[in-house]
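Below: the structure, in structure tokens.
There are 2 protein chains.
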Amino acid sequence: MRDQYHEELDAISDQLVEMTRLVSSAMSRASTALADADLSLAESVISKDEQVDRLQRDLEQRAFDLLARQQPVATDLRIIVTSLRMSADIERMGDLARHVAKIARRRYPQSAIPAEIRGTVVEMAGIAIRMAAKVGSVIASKDVASALELESDDDEMDKMHRELYTELLEPSWTHGIEAAVDVTLVGRYYERFADHAVSVARRVVFLVTGEPADEYVPEP
Amino acid sequence: MRDQYHEELDAISDQLVEMTRLVSSAMSRASTALADADLSLAESVISKDEQVDRLQRDLEQRAFDLLARQQPVATDLRIIVTSLRMSADIERMGDLARHVAKIARRRYPQSAIPAEIRGTVVEMAGIAIRMAAKVGSVIASKDVASALELESDDDEMDKMHRELYTELLEPSWTHGIEAAVDVTLVGRYYERFADHAVSVARRVVFLVTGEPADEYVPEP
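Chains as they are written, first to last, in the working numbering: chain A, 1134 to 1353; chain B, 1134 to 1353.
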């Protein structure tokens, strides 16, 4: 009985990893759709987000059943409650990928991203996709050092986000208000995507060390 | 023992209501700070957000202790797990009020909101504040009809949000890119604030009826 229980805990963890894989892929495809003004790719990201939502609902139900049936305490209780939180963060990352895809769709057949800022947007997309993949590994490995790496990825994201605004506010910006609105929103979506990845990583740190990520001091 | 337990459940509910009161007030003050370019008001919203964060951490600890000590099942378990979710939504509403205040602070001594769109922004602020107050009442009363009203408030918010973009994209817009970026972000913050209020209301509907809000059919 106890074994089956731990199998179910593992299944929840596997499902979280699978969700990170899906949202990483969704953000990757949404970013390509945005850069290439690829309508059908954008559409596919938008319609497939339902998969992530379904996985999350399923995970919630499993977690809830496990709480009700097994009445876990201490660490196991903390793992289950924390998994619920993590699933909410990852589900939201899926929504943000869908939002990026929607901007690509709205501007089609034009690209929403003017050529001179494409480099920055591609870089933000790269950081976001990498962070989603890393956070999947962190959930699987429970490796605190890797979890803490997400913090510096997020600093990198914030730096690129500021860079994006700088480019937007150059006097040489000639793409008007509509493009500025799109770029503002896209920048915000990538930044929030990274925030949620960091939030998941911090929860892993807390689960493993019992201390909040910002108070945890790694061994020298 | 059982009585103390239900007192603790009530205390969690009271704390959620108190959190909605704080975030409603924060959004109200942030919106005034934005409209009047009032720096000290903006600063106070930014520094007081910590209060909401503290309440949320406290609520999480209580909920967690209750799960560990009382091992609730069925409805009680659902109430506690759902309260954790609601607290995360409300905490995020506080963050969004703080974000509005930060835009007011960044543009000081100018106002971030040009005169011709002030009406729309004030209206969005009004809907947001009203929704936060309503959701507090809904948590306290568990009244499904009031919870469902939040859906039409949110439709109203979405309508004003579209209106804001229309105004922003008028050829007569003369306030440049920087103001457009601020208005885009402010609009997004109000819209997300409303989304979180709806999310809390839907959770109340689910707790009371056992059905998702979008599938619940009220008596004629």
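Just so it is clear, CB atoms sit at the ideal spot from N, CA and C, and this is done for glycine as well.
{"Check": "Outcome for Thr-1317 (chain B) when other beta-carbon atoms lying within 10 angstroms are tallied against a minimum of 16", "Outcome": "buried"}
{"Check": "Cβ neighbour criterion (16 or more within 10 Å) applied to Ala-1334 (chain B)", "Outcome": "buried"}
{"Check": "Beta-carbon spacing of Ala-1175 (chain B), Arg-1251 (chain B) below 8 Å", "Outcome": "no"}
{"Check": "Thr-1307 (chain A), buried or exposed, once every other Cβ within 10 Å from all chains shown has been counted against 16", "Outcome": "exposed"}
{"Check": "Pairwise C-alpha distance: Asp-1147 (chain A) and Ala-1266 (chain A)", "Outcome": "14 Å"}
{"Check": "Three-state secondary structure assigned by DSSP to His-1308 (chain B)", "Outcome": "coil"}
{"Check": "Gln-1243 (chain A) and Ala-1144 (chain A) closer than 8 Å at C-beta", "Outcome": "no"}
{"Check": "Ser-1157 (chain A) versus Tyr-1138 (chain B): straight-line alpha-carbon distance, rounded", "Outcome": "42 Å"}
{"Check": "Rounded C-alpha distance that separates Arg-1263 (chain A) from Asp-1276 (chain B)", "Outcome": "44 Å"}
{"Check": "Chain B residues whose Cβ lies nearer than 7 Å to that of Gln-1204 (chain A)", "Outcome": "Gln-1204"}
{"Check": "Backbone CA spacing between Leu-1281 (chain B) and Asp-1287 (chain B) [nearest angstrom]", "Outcome": "10 Å"}
{"Check": "Exposure of Ala-1163 (chain A), with buried meaning 16 or more beta-carbon neighbours within 10 Å", "Outcome": "buried"}
{"Check": "Close Cβ partners of Leu-1229 (chain A) (< 7 Å) along its chain, the five nearest in sequence each way excluded", "Outcome": "Tyr-1322, Arg-1325 and Phe-1326"}
{"Check": "Close-in-space but distant-in-sequence residues of the same chain around Asp-1182 (chain A) (CB under 8 Å, 5 per side omitted)", "Outcome": "Ala-1159, Gly-1227, Asp-1228, Ala-1230 and Arg-1231"}
{"Check": "Reduced DSSP category for Ser-1146 (chain B) - H, G, I as helix; E, B as strand; rest coil", "Outcome": "helix"}
{"Check": "Span of the alpha helix (DSSP H) around Val-1233 (chain A)", "Outcome": "1207 to 1240"}
{"Check": "Beta carbon proximity, Phe-1326 (chain B) to chain A, threshold 8 Å", "Outcome": "no"}
{"Check": "Simplified DSSP assignment, three categories, for Gln-1204 (chain A)", "Outcome": "coil"}
{"Check": "Proximity test, Cβ basis, 8 Å: Ile-1310 (chain A) and chain B", "Outcome": "yes"}
{"Check": "Close beta carbons around Met-1134 (chain B), own chain, < 7 Å, minus the five adjacent residues each side", "Outcome": "With a pLDDT of 49 at Met-1134 (chain B), under the threshold of 50, the predicted position of this residue should be treated as unreliable, and no value is reported."}
{"Check": "Residue of A:Ser-1173, A:Met-1290 and A:Glu-1224 minimising C-alpha distance to Arg-1190 (chain A)", "Outcome": "A:Glu-1224"}
{"Check": "Neighbour list for Arg-1239 (chain A) in chain B, Cβ cutoff strictly below 9 Å", "Outcome": "Simply none; closest approach about 11 Å."}
{"Check": "Between the CA atoms of Ile-1213 (chain A) and Ala-1245 (chain B) - distance to the nearest angstrom", "Outcome": "44 Å"}
{"Check": "Pairwise C-alpha distance: Ala-1248 (chain B) and Leu-1142 (chain B)", "Outcome": "47 Å"}
{"Check": "8 Å Cβ cutoff met for Glu-1311 (chain B) and Leu-1297 (chain A)", "Outcome": "no"}
{"Check": "Reduced DSSP category for Met-1134 (chain B) - H, G, I as helix; E, B as strand; rest coil", "Outcome": "Caution is warranted here: a pLDDT of 49 is assigned to Met-1134 (chain B), below 50, making its placement in the model unreliable, and the coordinate value is therefore given only provisionally. Coil, per DSSP."}
{"Check": "As assigned by DSSP and simplified to three states, the class of Ser-1354 (chain B)", "Outcome": "Outside the displayed span of chain B (1134 to 1353) sits residue 1354 (chain B), for which this structure offers no information."}
{"Check": "8 Å Cβ cutoff met for Glu-1193 (chain A) and Leu-1155 (chain A)", "Outcome": "no"}
{"Check": "Chain-ordered residues of the segment 1294 to 1306 of chain A with a beta carbon less than 8 Å from chain B", "Outcome": "Tyr-1298, Leu-1301, Leu-1302 and Trp-1306"}
{"Check": "Residue nearest to Glu-1300 (chain A) in terms of C-alpha spacing, selected from A:Val-1254, A:Asp-1209, A:Leu-1149 and A:Ser-1279", "Outcome": "A:Val-1254"}
{"Check": "Nearest residue (CA-CA) to Arg-1336 (chain A), options A:Ser-1279, A:Val-1206 and A:Thr-1165", "Outcome": "A:Ser-1279"}
{"Check": "Thr-1342 (chain A) versus Ser-1161 (chain A): straight-line alpha-carbon distance, rounded", "Outcome": "32 Å"}
{"Check": "Phe-1197 (chain A): contacting residues in chain B (beta-carbon distance under 9 Å)", "Outcome": "Leu-1210, Arg-1211 and Val-1214"}
{"Check": "Three-way DSSP call (helix, strand, coil) for Lys-1275 (chain B) in this model", "Outcome": "coil"}
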